[in-house]
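Asks: Structure provided below as C-alpha cells; questions to follow.
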Amino acid sequence: MCDTMRLHRMDLPEEVIIGECWARDGLQNEPLIVPTRKKVEMIAGMVEAGFKKIEATSFAHPKYLQQFADAEEVLRQIPRKEGVDYRAICTTMKAVERAVKSKEEGYGVDEIAMVISASEAHNLANVNMTHDENKKLLEEMTRRAIDTGHTVFGWVLTSFGCPINGDVPLDHVAKMGKWWKDIGATFIGFGDTTGVANPRQVSEFYEYMLAEGFTTDEVVVHFHDTRGWGVACSLVALTFGFRYFDTSLGAIGGQPKTGAAEYHRGFAGNTCTEDLVGMFEEMGVRTGLDMDKLLDLG
Numbered sequence: 019m020c021d022t023m024r025l026h027r028m029d030l031p032e033e034v035i036i037g038e039c040w041a042r043d044g045l046q047n048e049p050l051i052v053p054t055r056k057k058v059e060m061i062a063g064m065v066e067a068g069f070k071k072i073e074a075t076s077f078a079h080p081k082y083l084q085q086f087a088d089a090e091e092v093l094r095q096i097p098r099k100e101g102v103d104y105r106a107i108c109t110t111m112k113a114v115e116r117a118v119k120s121k122e123e124g125y126g127v128d129e130i131a132m133v134i135s136a137s138e139a140h141n142l143a144n145v146n147m148t149h150d151e152n153k154k155l156l157e158e159m160t161r162r163a164i165d166t167g168h169t170v171f172g173w174v175l176t177s178f179g180c181p182i183n184g185d186v187p188l189d190h191v192a193k194m195g196k197w198w199k200d201i202g203a204t205f206i207g208f209g210d211t212t213g214v215a216n217p218r219q220v221s222e223f224y225e226y227m228l229a230e231g232f233t234t235d236e237v238v239v240h241f242h243d244t245r246g247w248g249v250a251c252s253l254v255a256l257t258f259g260f261r262y263f264d265t266s267l268g269a270i271g272g273q274p275k276t277g278a279a280e281y282h283r284g285f286a287g288n289t290c291t292e293d294l295v296g297m298f299e300e301m302g303v304r305t306g307l308d309m310d311k312l313l314d315l316g
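In terms of my numbering, the sequence shown opens at residue 19 and continues consecutively.
Written out as C-alpha cells, the structure reads:
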C-alpha cells in the first residue's frame with residue numbers, strides 16, 4: 019500500500035506528544051556558547067507553550083561539550099510543573115552519577131537518554147567502544163538510572179543508515195532495540211543520525227518494527243532534516259500510529275559533536291518543531307501546544 023492511500027484509509031492518532039530538543043540536541047554543535055539565562059528563558063517558554071517532554075541538557079564532560087558545562091545550573095533554574103518531564107543525555111557512568119546527584123538534591127531530570135549505534139563502525143568512531151564493551155557499560159548505567167527513579171530512553175543510532183558502512187540490516191536494528199527493552203528502557207528511539215532516511219524507507223522500516231513487536235507507545239520518532247525530508251518522514255511514522263515525535267525549534271541541531279558522522283554541506287538539522295506542529299494541527303491531530311507561543315519562541 020502506498021503511503022498516500024494509507025493516509026486515506028488509516029485512522030491517524032487523535033493526539034501526539036512533541037518532545038522539544040532545542041536545549042540539547044539543538045545546541046550541542048553550536049559554536050557559540052548560549053548563556054545559561056537564555057537557555058532557562060527558552061525552556062520556561064517551552065513549558066508555557068505546552069510542551070510536556072523537554073530535552074533540557076547533557077551531562078557530557080565540559081571538556082568535550084562546553085555548551086553544557088552549565089547543566090546543573092540550568093536544571094536548578096528551570097521551572098517545574100506537574101506533568102512536564104525533563105530529559106538529559108548521559109554517555110558515561112559519571113554522567114549518570116551527576117544526574118543522580120542532581121535528583122537527590124531536588125533539581126534533577128525525570129528521564130535519562132543513552133545511546134548506542136546499530137553500526138559498530140560508527141559506535142567505535144562515536145564512543146570508542148565495540149558493541150560488547152558499550153552494552154556492558156550501558157547495562158550498568160541503565161540499572162543505576164532505574165534504581166534511582168529515572169525513566170530510560172534507549173537510542174539506536176544509525177538505524178536508517180551508517181555514514182561509514184552504508185546500509186544497516188533491519189534485523190540487526192531490531193535486535194538492538196529489543197536489547198534496550200530487555201535491560202529496562204521504557205522508550206526506544208531509532209535514530210536517523212545523518213538524515214539519510216526517505217519516506218518509502220521509513221514506511222518499510224516501521225512496518226518491520228511493528229511486526230517485530232515494537233509498539234507505537236514505546237517508540238520515539240526522531241528524524242533529522244538533512245535533505246529537507248524530516249516532516250515527510252515523520253508524517254509516514256504518524257500513519258503507522260506512532261505518537262511521540264522529537265523535534266527542535268527552528269530545526270537547529272542534529273549534527274553529532276564528535277564529527278563521527280558529518281553531514282553533507284548545507285545540512286538543515288533536526289525536524290522543525292513549528293513545521294511539524296503546524297502540519298499536525300491542520301490535519302486535526304492535537305499536539306497540546308499553543309501555536310502563537312510556539313512561534314514566538316521560534
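Backbone N, C-alpha and C define an ideal beta-carbon position, used for all residues, glycine too.
Predicted model, so just to flag it, every value in this text is computed and none were measured.
1. So, under 8 Å CB-CB, Glu322 and Thr305 are touching, yes? Tell me the CB distance rounded to an integer number of Å.
2. Starting from Glu151, follow the beta strand (DSSP E) in both directions and report where the run begins and ends.
3. Have a look at the DSSP bridge pairing and note the partners of His242.
4. Please give the ranges of any beta strand (DSSP E) in the segment 60-91, keeping only runs that are unbroken, at least 3 residues long and fully inside the region.
5. Hey, could you find the ends of the alpha helix (DSSP H) Ser200 is sitting in?
6. If you follow the alpha helix (DSSP H) that Val223 is part of, which residue opens it and which one closes it?
7. May I ask which residues mark the beginning and end of the alpha helix (DSSP H) holding Leu253?
8. Look up Cys180 in the DSSP assignment and give the residues it is bridged to.
9. Tell me whether the beta-carbon of Ala89 lies closer than 8 Å to the beta-carbon of Phe77.
10. Go to Val133, then tell me how far its beta strand (DSSP E) extends in each direction, as first and last residue.
11. Should Gln46 go down as buried or exposed, given a rule of 16 or more other Cβ atoms within 10 Å for buried?
12. Counting only the same chain and skipping the five closest in sequence on each side, list residues whose C-beta sits under 6 Å from that of Ile206.
13. For Arg245, which residues in the same chain have their Cβ closer than 7 Å to its Cβ, ignoring the five residues on either side in sequence?
14. Can you tell me where the beta strand (DSSP E) with Glu38 in it begins and where it stops?
15. DSSP three-state call for Ala203: helix, strand or coil?
16. Does the distance from the CB of Ile107 to the CB of Arg42 come in under 8 Å?
17. Distance, Cα to Cα, Asn144 vs Lys311?
18. Please classify Val239 as buried or exposed, where buried requires at least 16 other C-beta atoms within 10 Å of its C-beta.
19. Using only alpha-carbon positions, find the residue among Phe208, Met301, Gly316 that is nearest to Ala269.
Replies: Reading it off the structure:
1. Outside the modelled stretch of the chain, which goes from 19 to 316, sits residue 322, for which no answer is possible.
2. Position 133 of the sequence shown, counted from the start, is the residue given in the question as residue 151. Element bounds for Glu151: not the beta strand (DSSP E) but the alpha helix (DSSP H), 149-165.
3. Along the sequence shown, read from residue 1 onward, the residue named residue 242 stands at position 224. DSSP output for His242 lists Asn288 as bridge partner(s).
4. Fully enclosed beta strand (DSSP E) runs of 3 or longer: 71-76.
5. As a position in the sequence shown, residue 200 is number 182, starting the count at 1. Reading the sequence as shown, one finds Asp at residue 200 and not Ser. Unbroken alpha helix (DSSP H) run through Asp200: 188-200.
6. Numbered from its first residue, the sequence shown carries residue 223 at position 205. First, the amino acid is wrong: residue 223 is Phe here, not Val. For Phe223, the enclosing alpha helix (DSSP H) begins and ends at 217-229.
7. Residue numbering aside, residue 253 sits at position 235 when the sequence shown is read from its first letter. Annotation: the continuous alpha helix (DSSP H) that includes Leu253 extends over 248-257.
8. Position 162 of the sequence shown, counted from the first residue, corresponds to residue 180. Residue pairing by DSSP puts Cys180 in a beta bridge opposite Gly184.
9. Locating residue 89 in the sequence shown gives position 71, where the first residue counts as 1. Locating residue 77 in the sequence shown gives position 59, where the first residue counts as 1. Contact: yes.
10. To locate residue 133, count along the sequence shown from 1; it is residue 115. Run containing Val133: 129-135, per the beta strand (DSSP E) assignment.
11. What you label residue 46 is simply residue 28 of the sequence shown in a count that begins at 1. Its Cβ being crowded by 16 or more others within 10 Å, Gln46 is buried.
12. Counting from one through the sequence shown, the residue named residue 206 turns up at place 188. Excluding the 5 residues flanking it on each side, Ile206 has same chain C-beta neighbours closer than 6 Å at Gly172, Gly195, Trp198, Glu236, Val237, in chain order.
13. Residue 245 sits at position 227 when you count from the first residue of the sequence shown. Only Gly213 meet the Cβ criterion.
14. Residue numbering aside, residue 38 sits at position 20 when the sequence shown is read from its first letter. Counting along the chain, the beta strand (DSSP E) containing Glu38 begins and ends at 35-38.
15. For this step, residue 203 is matched to residue 185 along the sequence shown. Coil, per DSSP.
16. Start at 1 with the first residue of the sequence shown, and residue 107 comes out as number 89. Start at 1 with the first residue of the sequence shown, and residue 42 comes out as number 24. Yes, they are a contact pair.
17. In the sequence shown, residue 144 corresponds to position 126, counting from 1. In the sequence shown, residue 311 corresponds to position 293, counting from 1. For Asn144 and Lys311, the distance between alpha carbons rounds to 36 Å.
18. For the purposes of this step, residue 239 is taken as the residue at position 221 of the sequence shown. It counts as buried.
19. As a position in the sequence shown, residue 269 is number 251, starting the count at 1. Nearest of Phe208, Met301, Gly316 to Ala269, Cα basis: Gly316.
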